[in-house]
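Scroll down for the structure; my scribbles are underneath it.
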Amino acid sequence: MNTLTAYRRADGQVGVRNHLFTLPAVVCANQVALDVARRFPRLKYVEHQHGCAQIGADLLQTRRVFSRLALHPNVYASIMVSLGCEAVVAKQLFTETQKLASKPLELVVIQDAGGTLAAEKLVEDWLEARIREADALVREPVSWSDITVGIMADGPADERRGILTAIVEALAQQGARLVVPSRHTDALRAVSDDVPQVAWGDGADARAFAMQEGSNALETATGLTAAGAHLIVHLADQPHGFGTPLTPVVRWSVNEQVYNRFYDDFDGQLVDELDVPRLVEQLSRVVSGQETAAEQMGMDDFALYRIGPTV
Amino acid sequence: MDIQGYVRADGRVGVRNHVLILPVSYEVNQIADRIVRQVPEAVTFRNQHGIDQTGADLEQTLRVYEGFATHPNVYGVVILAWGHEPYDLQRIAAKAEAAGKKVELITLEQVGGMRRAIERGVLAAQRFTAERGEAKRQPVPLSRIILGTECGGSDACSGISGNPALGVVSDLLVAEGGTSILSETTELIGAEHLLAERAVSPEVAERILFIVRRIEENAMKMGVDIRGAQPAPGNIEGGITTIEEKSLGCIHKAGSAPIQEVIEYAERPSKNGLVIMDTPGHDIEQLTGMVAGGAQIVIFTTGRGTPTGCPIAPVIKVATNSFTYQRMKDNIDFNAGTVIDGEESVDDAGRRLFQLMVEVLNGAQTKAEILGHREFGIYRIGQSL
Amino acid sequence: MSETHLGAGRRQWVVMHPNDDVAVALTPLSPGTTVSAEDGSFSVVIRQPIPFGHKFAIRAVAKGSPVRKYGQVIGGATADIQPGDHVHVHNVDSLRARGDLLAKATQEKEEAR
Chain E
0 MNTLTAYRRA DGQVGVRNHL FTLPAVVCAN QVALDVARRF PRLKYVEHQH GCAQIGADLL
60 QTRRVFSRLA LHPNVYASIM VSLGCEAVVA KQLFTETQKL ASKPLELVVI QDAGGTLAAE
120 KLVEDWLEAR IREADALVRE PVSWSDITVG IMADGPADER RGILTAIVEA LAQQGARLVV
180 PSRHTDALRA VSDDVPQVAW GDGADARAFA MQEGSNALET ATGLTAAGAH LIVHLADQPH
240 GFGTPLTPVV RWSVNEQVYN RFYDDFDGQL VDELDVPRLV EQLSRVVSGQ ETAAEQMGMD
300 DFALYRIGPT V
Chain H
0 MDIQGYVRAD GRVGVRNHVL ILPVSYEVNQ IADRIVRQVP EAVTFRNQHG IDQTGADLEQ
60 TLRVYEGFAT HPNVYGVVIL AWGHEPYDLQ RIAAKAEAAG KKVELITLEQ VGGMRRAIER
120 GVLAAQRFTA ERGEAKRQPV PLSRIILGTE CGGSDACSGI SGNPALGVVS DLLVAEGGTS
180 ILSETTELIG AEHLLAERAV SPEVAERILF IVRRIEENAM KMGVDIRGAQ PAPGNIEGGI
240 TTIEEKSLGC IHKAGSAPIQ EVIEYAERPS KNGLVIMDTP GHDIEQLTGM VAGGAQIVIF
300 TTGRGTPTGC PIAPVIKVAT NSFTYQRMKD NIDFNAGTVI DGEESVDDAG RRLFQLMVEV
360 LNGAQTKAEI LGHREFGIYR IGQSL
Chain V
0 MSETHLGAGR RQWVVMHPND DVAVALTPLS PGTTVSAEDG SFSVVIRQPI PFGHKFAIRA
60 VAKGSPVRKY GQVIGGATAD IQPGDHVHVH NVDSLRARGD LLAKATQEKE EAR
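Dropping the structure here:
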């Protein structure tokens with residue numbers, strides 16, 4: 000088995016990537032993140048349509064996920080960009096997040112900065128310093144027990160249970176921590192009698208847990224990232240064009256015809272349980288820095304699972 | 000009064016001549032992104048919808064796609080799809096073709112992978128960009144214009160300066176035979192009785208009261224006070240205390256014309272004059288809905304300051320106070336704070352804003368266009384509650 | 000509806016409608032400042048700092064009574080409001096879209112059952 004390497008964080012967690020992350024706290028701040036990311040390809044960012052006109056549980060869920068993404072272990076440092084008048088109340092969210100943070104965290108407010116161009120300048124100044132710091136870090140040996148793997152699969156859960164169970168068993172044997180969307184809870188029962196269920200994008204103090212899935216695959220992948228997955232295994236029976244910015248998505252086809260046509264969008268093909276060791280072998284290389292197909296394309300998709308109406 | 004616009008094959012009038020890369024689901028965002036990096040003259044947006052949607056929620060999303068694909072500000076459209084979306088992509092393409100657009104439909108499934116989809120998309124976008132010069136501006140009456148009105152990041156001045164000035168513009172446009180859209184149903188709560196009095200018929204009046212009741216009841220199902228989102232924290236900081244107060248300030252932007260009809264989110268008005276579109280108060284979801292409904296231009300008043308725009312329509316930003324205008328000059332096109340400062344009347348500010356609107360219709364670039372703003376958001380009605 | 004003419008020169012405050020209980024400060028107002036209407040309809044002394052764009056009462060409003068601006072009800076007073084008081088979220092509640100009250104009422108109804 001290869002030695003795994005990753006970045007050790009101040010709080011003892013490890014990151015399999017060393018990202019710099021810009022999170023717009025509200026849709027109105029998207030352009031700042033987008034513009035800076037165009038000039039600094041090193042920067043990860045998300046574009047979304049949320050953060051305002053949200054209430055109740057829906058607003059709380061959005062705040063929780065924003066906070067968890069900013070603190071994600073694959074991130075060296077995060078900068079939130081806020082407009083200044085939004086319902087998500089970025090200043091408060093930032094202060095609360097900062098209390099939990101053991102990494103560089105910053106907030107830029109467009110209305111305080113005096114517009115988007117001024118805000119972009121502030122983000123860039125911050126970023127240049129953080130890039131130097133991040134690039135000075137080196138990977139260190141880690142073990143699978145430091146790593147959380149998110150696992151998701153297309154198609155009916157019943158049809159995937161066998162192969163998912165094999166993957167779960169193989170990774171649990173290595174010592175990895177596991178999170179799956181709730182529809183695949185059964186696959187975790189092979190390694191844990193008690194599988195806690197958490198809300199979309201929330202974490203758990205457990206070696207194996209299930210998360211409320213989103214209304215589509217991208218929401219689920221985003222949720223797994225926020226739940227703490229360092230990387231995501233996606234078993235696909237169709238071609239896909241999305242990837243999450245903070246976590247490598249390792250996409251293996253479970254459909255031979257689809258794989259043959261779209262092989263360059265996949266990381267591998269899984270025919271049956273005999274292929275699982277090959278998948279685990281690839282995961283260890285991805286942990287240690289090998290780029291997935293989605294990463295090579297620079298994919299940076301994001302979708303929030305909304306549980307309340309826009310008001 | 001005439002402006003200079005593009006008359007499309009379906010008779011609609013455009014004020015821009017965009018090549019739009021339209022990703023119908025999140026599976027093809029990355030493809031759209033790579034195409035506009037290679038063809039920066041084209042416009043696109045980031046979409047997080049289009050998959051695993053059903054019923055009225057899906058229909059509403061499709062109305063947005065069709066509204067964008069057939070929009071008169073669009074010369075040509077590259078429709079990008081995954082191939083497994085649960086709806087008829089050919090129908091969207093056929094509607095765009097029927098509207099006289101240059102159309103290329105590319106599905107990831109058919110072309111066999113992202114790299115090929117990007118190549119095909121780049122070629123189509125380059126072709127449309129090269130050909131779009133054939134469309135020429137010509138004089139068209141202002142009555143062909145649909146104006147979307149919007150206020151966001153409101154402060155106490157919104158109801159005193161910016162919105163009343165926009166109300167003047169709305170009235171002037173309606174007097175010319177044009178169409179003006181009032182939306183943000185949440186921000187009609189507490190002011191709906193005043194609007195119902197202005198309805199052209201009892202049916203329209205009842206419809207106004209109904210959509211406000213519906214959005215209020217939906218919000219109440221969340222079991223919390225709407226204050227905090229409506230008014231938003233920035234609104235409260237700016238002096239707005241309740242949703243009623245915010246609404247009473249908001250409706251000033253609709254001027255004083257009679258209300259002709261109430262239309263659904265992203266639906267096209269069937270009448271000229273002032274109409275109400277049922278949208279949430281969320282600036283971007285509202286803006287997307289009005290533009291999908293055919294608005295060629297949007298005027299957006301802001302108290303706290305907002306930078307946002309739209310990929311296919313010019314958005315004129317109006318500050319309600321001089322402080323915000325000075326502070327966010329890079330993003331804001333017009334200062335209505337002059338009314339607060341006692342430098343001009345609401346009527347004079349409104350007429351000045353009307354002149355700016357005409358210039359922008361004729362091709363002058365807004366700040367949001369210069370900075371390349373591309374905000375986009377579909378109002379989803381299918382969330383689990 | 001858009002009859003507002005603030006007149007030449009910067010004003011310190013504006014009343015949007017003759018029936019209003021509140022005026023809007025167009026410049027920050029300090030406690031002790033006297034604000035008088037030209038037509039003599041009211042004269043109040045500002046009691047707390049009023050930030051730009053915020054409201055102050057130009058007449059007394061009893062707790063539980065409606066508060067008017069633009070000639071319309073903008074909410075209900077949650078405390079007795081004196082002329083010159085800052086009028087905002089600390090003493091006025093919305094009367095609309097109160098899901099919190101609905102949830103409370105529903106819960107009480109269930110408990111009573």
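Here the protein sequences come in this chain order: E, H and V.
According to numbering that gives the first Met the number 0, the residues represented by the first sequence are 0 to 310, in order.
According to numbering that gives the first Met the number 0, the residues represented by the second sequence are 0 to 384, in order.
According to numbering that gives the first Met the number 0, the residues represented by the third sequence are 0 to 112, in order.
Here a beta-carbon is modelled for each residue, glycine too, at the ideal position from N, C-alpha and C.
Contact list for residue i against chain E, beta-carbon separation under 9 angstroms
i, result
"H/Leu107", "Pro238, His239, Gly240, Phe261, Asp264"
"H/Lys328", "Gly113, Gly114"
Top-ranked residue by Cα proximity to residue i, from the options
i, options, result
"H/Val390", "H/Val173, H/His251, H/Asp277", "Residue 390 of chain H cannot be examined here, being either before or after the span of chain H that is shown, 0 to 384."
"E/Val248", "E/Phe265, E/Asp34, E/Leu116, E/Phe208", "E/Phe265"
"H/Asn28", "H/Val73, H/Ile117, H/Leu286", "H/Ile117"
"E/Asp299", "E/Phe20, E/Leu3, E/Asp10", "E/Phe20"
"H/Lys252", "H/Ala97, H/Ile275, H/Ala124", "H/Ile275"
"V/Thr105", "H/Met0, H/Gly222, H/Arg114", "H/Gly222"
"E/Ile130", "E/Asp10, E/Asn17, E/Ala169", "E/Asn17"
"H/Arg226", "V/Gly98, V/Gly83, V/Lys103, V/Glu107", "V/Gly98"
"E/Glu255", "E/Ile306, E/Leu234, E/Cys84", "E/Leu234"
"E/Pro155", "E/Thr94, E/Gln48, E/Val74, E/Pro180", "E/Pro180"
"E/His239", "H/Asp1, H/Tyr25, H/Asp56", "H/Tyr25"
"E/Asp201", "E/Val178, E/Val25, E/Arg250", "E/Val178"
"H/Val357", "H/Gly111, H/Ile144, H/Thr69, H/Val110", "H/Ile144"
"E/Asp111", "H/Pro39, H/Asp282, H/Tyr324", "H/Tyr324"
According to DSSP, residues forming a beta bridge with residue i
i, result
"H/Phe299", "H/Glu149, H/Lys316"
"H/Pro140", "H/Asp1"
"V/Gln71", "V/Lys68"
"E/Val148", "E/Leu177, E/Leu230"
"V/Arg97", "H/Asp224"
"E/Pro311", "Outside the shown range of chain E (0 to 310) lies residue 311 of chain E, about which nothing can therefore be said."
"E/Arg37", "None, per the DSSP bridge assignment."
"E/Glu105", "E/Ile78"
"H/Arg373", "In the DSSP output, where bridge partners are listed per residue, H/Arg373 has none listed."
"E/Gln196", "E/Ala209"
"V/Ile49", "V/Leu28"
Residue j beta carbon less than 8 angstroms from that of residue i
i, j, result
"E/Met210", "E/Val190", "no"
"V/Ala22", "V/Phe51", "no"
"H/Leu172", "H/Leu146", "yes"
"H/Gly304", "H/Gly152", "yes"
"E/Val148", "E/Leu282", "yes"
"H/Gln285", "H/Ser169", "no"
"V/Leu25", "V/Arg9", "yes"
"H/Gln295", "H/Val12", "yes"
"H/Val199", "H/Gln259", "yes"
"E/Val31", "E/Arg62", "no"
"V/Arg112", "H/Ile242", "no"
"H/Pro138", "H/Gln3", "yes"
"H/Ala31", "H/Leu79", "yes"
"H/Phe58", "H/Ile91", "Per the sequence shown, the amino acid found at residue 58 of chain H is Glu instead of Phe. Not closer than 8 angstroms, so no."
Cross-chain neighbours of residue i in chain H, by beta carbon under 7 angstroms
i, result
"V/Leu25", "Ile339"
Whole-angstrom C-beta distance between residue j and residue i, which should lie under 8 angstroms
i, j, result
"H/Cys150", "H/Cys249", "6 angstroms"
"E/Leu126", "E/Val35", "7 angstroms"
"H/Ile377", "H/Thr148", "Rounded, the Cβ-Cβ distance is 20 angstroms, inconsistent with contact."
"V/Val44", "V/Gly31", "6 angstroms"
"E/Arg160", "E/Asp185", "6 angstroms"
"E/Val107", "E/Ile78", "6 angstroms"
Neighbour list for residue i in chain V, Cβ cutoff strictly below 7 angstroms
i, result
"H/Leu155", "First, the residue type needs correcting, since residue 155 of chain H is Ala and not Leu in the sequence shown. Within chain V, the residues near H/Ala155 are Val23, Gly52, His53."
"H/Ile235", "Val88"
Chain E residues whose Cβ lies nearer than 7 angstroms to that of residue i
i, result
"H/Ile225", "Ile54, Val310"
Amino acids of chain E, ordered along the chain, whose beta-carbon sits closer than 8 angstroms to that of residue i
i, result
"H/Thr185", "Ala52, Val310"
"H/Phe322", "In chain order: nothing, as chain E lies at least about 11 angstroms away."
Beta-carbon neighbours of residue i, restricted to chain V and to distances below 8 angstroms
i, result
"H/Ile188", "Arg95, Ala96"
Interface residues of chain H facing residue i [CB-CB closer than 8 angstroms]
i, result
"V/Gly74", "Thr240, Thr241, Glu243, Glu244"
"V/Ala102", "Gly222, Val223"
Interface partners of residue i on chain H, CB under 9 angstroms
i, result
"E/Asp124", "None at all; the shortest Cβ gap to chain H is about 17 angstroms."
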